[in-house]
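Going down the list, the sequences are from chains A and B. According to my numbering, the stretch in the first sequence is residues 9 to 258, in order. According to my numbering, the stretch in the second sequence is residues 9 to 258, in order.
There are 2 protein chains.
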Amino acid sequence: MRTHIVYAHPDNGSLNAALRDEAVLTLEGLGHTVTVADLYAMNWKAVADYDDFGPTDSERFIAAAGEAWTNASLAPDIKAEHEHLLAADNVIFQFPLWWYTVPAILKGWFDRVFTSGFGYGPTHDWPRFGDGVLKGKRAMVIVTTGAAEDHLSERGVNGHIDDLLFPLQHGVLFYPGMAVLPPVVVTSALGMDAARYTDTVKHLRERLETLTETEPIAYRKQSEDYDEHRRLLPGREAPGTTGFALHIAR
Amino acid sequence: MRTHIVYAHPDNGSLNAALRDEAVLTLEGLGHTVTVADLYAMNWKAVADYDDFGPTDSERFIAAAGEAWTNASLAPDIKAEHEHLLAADNVIFQFPLWWYTVPAILKGWFDRVFTSGFGYGPTHDWPRFGDGVLKGKRAMVIVTTGAAEDHLSERGVNGHIDDLLFPLQHGVLFYPGMAVLPPVVVTSALGMDAARYTDTVKHLRERLETLTETEPIAYRKQSEDYDEHRRLLPGREAPGTTGFALHIAR
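#1: Where does B:Ala96 fall in DSSP's three states?
#2: Under the three-state reduction of DSSP, which class applies to B:Phe174: helix, strand or coil?
#3: For B:His92, return the contacting residues in chain A, with the cut-off set at a CB-CB distance below 7 Å.
#4: Under 7 Å between beta-carbons, which chain E residues line up against B:Phe118? List them in chain order, please.
#5: Compare the C-beta of B:Arg258 against all C-beta atoms of chain A and say whether one is closer than 7 Å.
#6: Specify, as a first and last residue, the run of the beta strand (DSSP E) that B:Asp46 falls within.
#7: Measuring straight from C-alpha to C-alpha, what distance separates A:Val180 and A:Pro242?
#8: Are there 16 or more other CB atoms within 10 angstroms of the CB of A:Ala202, so buried, or fewer, so exposed?
#9: Tell me the DSSP secondary structure of B:Pro104 in three-state form.
#10: Report yes or no: do three or more beta-carbon pairs, one from the stretch 80-87 of chain A and one from the stretch 58-69 of chain A, lie closer than 8 Å?
#11: Determine the extent of the beta strand (DSSP E) in which A:Tyr15 is found, giving its start and end residues.
#12: Does the distance from the CB of A:Ala80 to the CB of A:Thr64 come in under 7 Å?
#13: Determine contact between the stretch 104-116 of chain A and the stretch 174-192 of chain B, defined as no fewer than three beta-carbon pairs at a distance below 8 Å.
#14: Report the CB separation of A:Val99 from A:Met186 in whole angstroms; it is logged as a contact under 8 Å.
#15: Quick check on A:Phe103 - is its C-beta less than 7 Å from some C-beta in chain B?
#16: Would you mind working out which of A:Lys210, A:Thr123, A:Phe126 and A:Gly138 sits nearest A:Lys229, comparing C-alpha positions?
#17: Helix or strand or just coil, what does DSSP make of B:Arg215?
#18: Hey, is A:Tyr205's beta-carbon within less than 7 Å of any beta-carbon in chain B?
#19: Taking the C-alpha atoms as reference points, what is the distance between B:Ala253 and B:Pro18?
#20: Report buried or exposed for A:Thr218, applying the criterion of at least 16 other Cβ atoms within 10 angstroms of its Cβ.
#21: What does the alpha-carbon distance come out to for the pair A:Asp160 and A:Leu189?
#22: Out of curiosity, what's the CA-to-CA distance linking A:Val209 and A:Ser66?
#23: Mind checking which residues open and close the alpha helix (DSSP H) that includes B:Ile256?
#24: Give every residue of the same chain whose Cβ lies closer than 6 Å to the Cβ of A:His166, excluding the five residues on either side of it in the sequence, and list them in chain order.
#25: Mapping DSSP to helix, strand and coil, what is A:Val165?
#26: What span of residues does the alpha helix (DSSP H) with B:Val180 cover, start to end?
#27: Which residues does DSSP pair with A:Ala187 in a beta bridge?
#28: What's the call for A:Ala95, buried or exposed, on a 16-neighbour Cβ count within 10 Å?
#29: Please tell me whether, using a cut-off of 6 Å, the distance from the CB of A:Ala45 to the nearest non-hydrogen atom of the ligand GDP is below it.
#30: Check whether the Cβ of B:Pro175 lies closer than 7 Å to any Cβ atom in chain A.
#31: Assuming B:Leu142 and B:Leu93 make a contact with CB atoms under 8 Å, what is their CB distance in whole Å?
#32: Does chain A have any CB closer than 7 Å to the CB of B:Lys115?
#33: Considering just the uninterrupted stretch of the beta strand (DSSP E) at A:Val192, what are its terminal residues?
#34: Kindly say whether A:Val14, judged by its beta-carbon, lies nearer than 7 Å to any beta-carbon of chain B.
#35: Compute the distance between the beta-carbons of B:Asp97 and B:Met9, then report whether it is under 7 Å.
#36: From A:Thr34 to A:Val193, what distance separates their C-alpha atoms?
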């Protein structure tokens with residue numbers, strides 16, 4: 009079993025760093041081969057630009073990206089992450105929630121690694137949302153928040169954490185075919201005391217120990233539940249369902 | 009009237025670049041003083057790290073960020089954006105939708121510019137969601153998508169564009185007090201023909217000409233509609249409302 013951890017936090021003395029170390033120890037204890045892309049430590053290039061592509065004939069950005077994929081001329085750091093992903097059974101994304109999504113350095117990992125030809129394709133009939141290059145792999149988010157649990161609850165002013173994570177978990181991780189497990193969410197992360205830290209580590213270990221048997225979020229497959237215009241087929245949802253919940257089979 | 013445009017696209021021959029130029033011309037024609045932060049052209053530093061802070065006594069990242077704000081020792085490029093924001097009446101964010109949110113370079117603009125002490129504060133009672141440092145200013149998103157309109161509609165597999173933009177428009181722009189106008193959304197942006205381009209420019213001009221009179225999205229103010237745990241007060245919403253829609257007064 010191989011697990012790749014994509015990790016983004018600037019402070020190696022942080023709660024996130026401690027939880028990353030616990031995760032690696034736990035997974036290695038379970039016999040996994042663990043690789044870590046520690047984006048800050050790697051000085052990961054966050055910005056997708058033409059320097060990623062090598063020489064191309066295309067001036068337009070997405071066409072040039074697709075050409076670089078076809079020519080296998082993408083930057084070496086992108087190719088290395090492709091290899092890690094293709095080799096992995098599980099991919100874990102760990103980060104602090106900054107402005108209700110991932111830090112820029114991790115967004116840049118998705119922008120650059122999930123590139124045209126690998127993560128998505130140039131046509132609307134590209135296999136996606138349940139099918140794709142990473143089908144058969146499991147993904148899990150580990151996220152810390154400064155906000156308290158109430159603030160991220162159904163009626164919380166920030167919006168529900170599941171909705172805030174939808175564009176990432178559904179739009180990025182499920183898109184190329186990964187099965188997405190419910191996230192590990194650590195709220196009120198700033199200045200956590202020892203008792204809560206102990207509980208948090210215990211919960212994290214349990215989630216990692218059950219990684220291969222936990223039921224994924226039941227996102228609907230594009231190939232099964234949507235019409236040719238990629239709209240949810242009539243009557244699939246419980247009456248009154250709206251918003252992102254439409255895309256989860258209950 | 010001063011308008012600051014924060015713009016992120018790597019290709020100066022793109023649709024986005026053409027729309028940016030149209031926006032500047034239109035706003036200048038209306039008498040606005042226009043400034044543009046062209047993030048790719050500026051080689052904007054996307055990654056928030058300790059180099060942004062100058063010397064600090066704090067090892068923990070957010071504490072160090074807060075100290076840098078207090079000491080006025082933030083990096084000059086961050087301070088320059090603070091000045092543009094404080095001087096502006098309107099702030100426009102223009103970008104292509106990459107993986108259902110902003111490109112990393114623009115996420116990094118938010119991570120670095122909306123820093124502790126400016127964009128948010130260290131306590132849960134910091135004025136936010138309708139109050140804050142940018143209160144009285146108007147924000148508007150101009151976003152292009154490769155996806156077609158159907159894919160981003162209420163039942164579209166991508167999720168509704170308004171929900172996808174909620175973490176940005178509500179969680180980032182409304183948070184420090186800006187009034188957020190409905191976005192300008194340009195779908196099926198790849199390979200747009202001349203007729204659609206003409207219509208798109210016409211629509212963009214109309215939205216810019218009505219910038220100061222357009223009704224903002226009716227996001228609920230934290231100070232008015234939420235309890236002390238930042239949960240929406242009972243009975244404020246129409247019966248059956250769920251998800252992000254809870255936070256918009258109809």
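The beta-carbon is built from N, C-alpha and C at its ideal position, and this holds for glycine as well.
Taking the structure as given:
#1: coil
#2: helix
#3: Those within 7 Å of B:His92 in chain A number zero; the least Cβ separation is about 19 Å.
#4: No chain E is present in this structure, whose protein chains are A and B.
#5: no
#6: Thr41 to Asp46
#7: 25 Å
#8: exposed
#9: strand
#10: yes
#11: Arg10 to Tyr15
#12: no
#13: yes
#14: 7 Å
#15: no
#16: A:Gly138
#17: helix
#18: no
#19: 33 Å
#20: exposed
#21: Looking at the sequence shown, residue 160 of chain A is not Asp but Leu. Going from the Cα of A:Leu160 to the Cα of A:Leu189 covers about 19 Å.
#22: 49 Å
#23: Taken as a continuous stretch (DSSP letters only), B:Ile256 belongs to no alpha helix (DSSP H), as it is neither H nor E.
#24: A small correction: the amino acid at residue 166 of chain A is Asn; His does not occupy that position in the sequence shown. Here the set comprises Ala155, His159 and Leu160.
#25: coil
#26: Neither: B:Val180 is in no alpha helix (DSSP H) and is coded neither H nor E.
#27: A:Arg146
#28: exposed
#29: You won't find the ligand GDP in this model; it holds no ligand whatsoever.
#30: yes
#31: 6 Å
#32: yes
#33: Val192 to Val194
#34: no
#35: yes
#36: 18 Å
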